[in-house]
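Order-wise, the sequence lines are chains A and B.
At position 38 of the first sequence the residue is numbered 362 (this note's numbering), and the sequence of numbers has no breaks.
At position 139 of the second sequence the residue is numbered 463 (this note's numbering), and the sequence of numbers has no breaks.
The beta-carbon is built from N, C-alpha and C at its ideal position, and this holds for glycine as well.
Owing to the predicted nature of the structure, the values given are computational and were not obtained by experimental measurement.
So the structure is just underneath, and the comments pick up after that.
Protein chains: 2
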Amino acid sequence: MKALLNGVEVQDAAHAVAVDDRGLAYGDGLFETALIRDGAVRFLDAHLERLRHGCDRLDIEFPHAALLEDIHTMCSSAQSAVLKIIVTRGTGGRGYRGDVAMAANRLLALHALPAHESHNGLVVRWCDLRLSRNATLAGLKHLNRLEQVLAQREWREQDIDEGLMLDTEGELVGATAGNVFIVRHGTLLTPDLRFCGVRGVMREQVLRVAAERQLPCNEEPLWPHDLEEASEVFVTNAIRGIRPVVALEDRRWRAGPIAEQLSVMLKL
Amino acid sequence: MKALLNGVEVQDAAHAVAVDDRGLAYGDGLFETALIRDGAVRFLDAHLERLRHGCDRLDIEFPHAALLEDIHTMCSSAQSAVLKIIVTRGTGGRGYRGDVAMAANRLLALHALPAHESHNGLVVRWCDLRLSRNATLAGLKHLNRLEQVLAQREWREQDIDEGLMLDTEGELVGATAGNVFIVRHGTLLTPDLRFCGVRGVMREQVLRVAAERQLPCNEEPLWPHDLEEASEVFVTNAIRGIRPVVALEDRRWRAGPIAEQLSVMLKL
Chain A
325 MKALLNGVEV QDAAHAVAVD DRGLAYGDGL FETALIRDGA VRFLDAHLER
375 LRHGCDRLDI EFPHAALLED IHTMCSSAQS AVLKIIVTRG TGGRGYRGDV
425 AMAANRLLAL HALPAHESHN GLVVRWCDLR LSRNATLAGL KHLNRLEQVL
475 AQREWREQDI DEGLMLDTEG ELVGATAGNV FIVRHGTLLT PDLRFCGVRG
525 VMREQVLRVA AERQLPCNEE PLWPHDLEEA SEVFVTNAIR GIRPVVALED
575 RRWRAGPIAE QLSVMLKL
Chain B
325 MKALLNGVEV QDAAHAVAVD DRGLAYGDGL FETALIRDGA VRFLDAHLER
375 LRHGCDRLDI EFPHAALLED IHTMCSSAQS AVLKIIVTRG TGGRGYRGDV
425 AMAANRLLAL HALPAHESHN GLVVRWCDLR LSRNATLAGL KHLNRLEQVL
475 AQREWREQDI DEGLMLDTEG ELVGATAGNV FIVRHGTLLT PDLRFCGVRG
525 VMREQVLRVA AERQLPCNEE PLWPHDLEEA SEVFVTNAIR GIRPVVALED
575 RRWRAGPIAE QLSVMLKL
């Protein structure tokens with residue numbers, strides 16, 4: 325695995341990160357998972373903008389110039405790959421608080437693209453685990469991801485592709501590793517994520533092109549019954565793109581025209 | 325800093341942990357912070373029992389025998405210190421889920437004891453950040469600690485020692501780095517932590533000796549007004565012991581007899 329830690333190539337990926345990195349100690353940081361295609365990061369500006377916003381919210385200095393250099397280095401060694409970027413508040417510091425100003429740590433790693441799935445439509449289930457509500461952290465792709473880990477460990481069936489998650493009040497939030505859109509009476513709808521969930525980069529692209537092409541579209545609170553009444557359902561993710569949902573328990577959908585149209589518009 | 329990673333002494337604490345350790349990637353693990361005194365871990369059984377319980381809840385194999393060896397090694401090199409133990413689900417694995425059975429990673433590190441505070445009573449404030457509710461993770465000392473990090477970063481005043489935290493519904497949970505007890509009409513009360521918070525090792529010791537000595541004691545939902553009406557308030561923590569709260573905004577308390585009595589019983 326090729327990796328860069330604070331701009332220096334990691335010689336031994338098994339022994340790289342500081343014992344007291346705050347990302348390990350407390351999940352005190354953020355990450356991005358981006359697609360490298362033809363030697364460039366797709367939607368790079370959107371990934372960087374989300375990371376900058378997350379750093380602002382967590383009061384971590386955004387290491388912009390250094391990250392651009394790191395990303396340039398990584399892209400020069402892969403035509404097609406998954407690029408994972410982690411930014412943590414830094415190393416050490418006193419207890420939970422850390423020091424007032426710490427130097428952020430940057431860790432970038434290249435991974436192989438996921439194996440091509442045999443079918444295009446997703447078979448999904450409801451996860452039992454409910455996402456906790458916290459408006460302060462809502463939307464951020466921070467390193468506190470135990471809820472997603474436990475949700476994905478709920479099932480082992482090979483024929484289930486994804487899990488859909490509700491929050492503790494029963495509102496629809498998204499998939500374990502993606503955002504959810506539905507089509508209702510011709511309008512594109514997605515949860516507004518005011519209390520939890522991650523504001524995905526692909527979600528943002530969908531909202532952007534929908535606005536540009538004047539597709540009716542709204543971010544709002546959604547509930548399980550909205551999904552079951554939808555004419556079309558799809559999941560978005562920066563690596564996997566836009567994936568139609570074809571089955572949830574007894575409910576079936578066909579891969580729909582809007583997901584297809586958006587994939588074409590976004591050149592996925 | 326002396327540290328052990330999976331039983332091997334860390335030669336370079338700045339480059340020790342795997343790039344894709346799941347503790348760093350997702351906070352997918354647990355930790356303990358224990359006091360070494362006279363070359364032995366205080367309340368070792370309680371720390372190990374909590375860690376075992378956390379591993380069970382997160383479906384991580386509890387590396388019991390190996391941890392005992394690690395702890396023995398660490399205690400042989402320090403008479404008085406803070407011992408931090410991190411157990412993560414392991415290295416790598418596919419996405420959030422990880423592989424079905426992974427070998428857990430163990431990271432132990434010794435830190436200096438915190439400087440002796442100049443006074444015994446704590447001056448506390450209310451934190452603005454509210455803790456999210458998630459019964460699945462409640463009580464565990466897992467590595468998803470961004471809420472505590474952000475809460476401690478809310479204040480910089482040197483004369484504030486701790487912050488008290490409420491959950492999103494306004495219930496009292498505890499301090500940013502400790503549990504809270506109050507005395508009301510002679511009864512010892514502490515939040516029941518059914519939705520959030522950490523079940524501290526010192527909290528458990530207090531409940532244990534209170535039961536043994538037949539002090540009236542209860543775990544139940546508490547709210548800010550309960551605290552303000554209390555005759556005595558104290559914060560418990562495995563390193564700092566039992567610390568009376570003497571001020572919260574305009575409210576003042578004296579260091580009370582029950583905190584004192586419990587400290588003596590527990591030989592703190």
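The alpha-carbon of residue 559 of chain A is positioned some 28 Å away from that of residue 431 of chain A. The beta carbon of residue 404 of chain B sits no closer than 8 Å to any beta carbon of chain A.
With a contact defined as Cβ atoms closer than 8 Å, residue 474 of chain A and residue 460 of chain B qualify at about 7 Å.
When secondary structure is reduced to three states using DSSP, residue 567 of chain B falls in the strand class. Counting C-beta pairs closer than 8 Å gives three or more between the segment 507-521 of chain A and the segment 485-498 of chain A, which meets the contact rule. For the set A:529, A:434, A:479, the Cα lying nearest the Cα of residue 369 of chain A is the one of A:529. A distance below 8 Å separates the beta carbons of residue 531 of chain B and residue 541 of chain B. Going by C-alpha positions, residue 564 of chain A is about 17 Å away from residue 355 of chain A. Within the segment 490-514 of chain B, complete beta strand (DSSP E) segments of at least 3 residues are found at 496-499, 503-508, 511-514, given in chain order. If you check the CB distance, residue 428 of chain B and residue 413 of chain B come in under 8 Å. Contact between the segment 338-350 of chain A and the segment 344-352 of chain B is established, with three or more Cβ pairs separated by less than 8 Å. Using a Cβ-Cβ cut-off of 8 Å, residue 460 of chain A counts as an interface residue toward chain B, since at least one Cβ of chain B sits closer than that to its own.
Of all alpha-carbon atoms in A:588, A:353, A:393, the one lying nearest the alpha-carbon of residue 332 of chain A is that of A:393.
Listed in chain order, the non-local C-beta contacts of residue 439 of chain A below 8 Å within the same chain number zero, local neighbours out to five positions each way being set aside. Contacts between residue 331 of chain A and chain B, judged by CB atoms closer than 7 Å, are missing: the closest CB pair is about 14 Å apart. When the Cα atoms are used, residue 399 of chain A and residue 543 of chain B turn out to be separated by approximately 55 Å. Contact holds between the segment 483-490 of chain B and the segment 442-452 of chain B, because three or more Cβ pairs, one in each stretch, are under 8 Å apart.
Ranking A:326, A:554, A:523 by CA distance to the CA of residue 406 of chain A puts A:326 first. Within a 10 Å sphere around the beta-carbon of residue 547 of chain A sit fewer than 16 other beta-carbons, which makes this residue exposed. Taking a Cβ-Cβ threshold of 8 Å, the residues of chain A close to residue 352 of chain B are 469, 470, 473, in chain order.
Taking 4 residues as the shortest admissible run, the segment 355-430 of chain A contains the following complete alpha helix (DSSP H) segments, listed from N- to C-terminal end: 368-382, 388-399. Per the coordinates, the alpha-carbon of residue 538 of chain A lies some 11 Å from the alpha-carbon of residue 512 of chain A. Going by DSSP, residue 327 of chain A is part of the beta strand (DSSP E) stretching over 327-329. Your pair residue 521 of chain A and residue 502 of chain A does not check out as a contact, with CB atoms roughly 10 Å apart and the cut at 8 Å. At a Cβ-Cβ threshold of 8 Å, residue 410 of chain B and residue 353 of chain B count as neighbours. For residue 553 of chain A, no beta strand (DSSP E) encloses it, and the DSSP letter there is neither H nor E. DSSP places residue 446 of chain B inside the beta strand (DSSP E), whose first and last residues are 446-450. If you check each beta-carbon in the segment 420-449 of chain B against every beta-carbon of chain A, the ones closer than 8 Å belong to 420, 421, 422, 424, 431, 433.
Around the beta carbon of residue 588 of chain B, a 10 Å sphere encloses fewer than 16 other beta carbons of the protein chains shown; the residue is thus reported as exposed. For the 8 Å CB-CB criterion, residue 553 of chain A and residue 582 of chain A do not form a contact.
Under the three-state reduction of DSSP output, residue 530 of chain B falls in the helix class. With fewer than 16 neighbouring CB atoms inside 10 Å of its own CB, residue 436 of chain B falls in the exposed class.
DSSP, read as helix, strand or coil, puts residue 457 of chain A in coil. Sorting A:383, A:585, A:567 by C-alpha distance to the C-alpha of residue 464 of chain A places A:383 at the top. Taking a beta-carbon distance threshold of 8 Å, residue 477 of chain A counts as an interface residue toward chain B.
As a beta-bridge residue in DSSP terms, residue 345 of chain B pairs with B:415.
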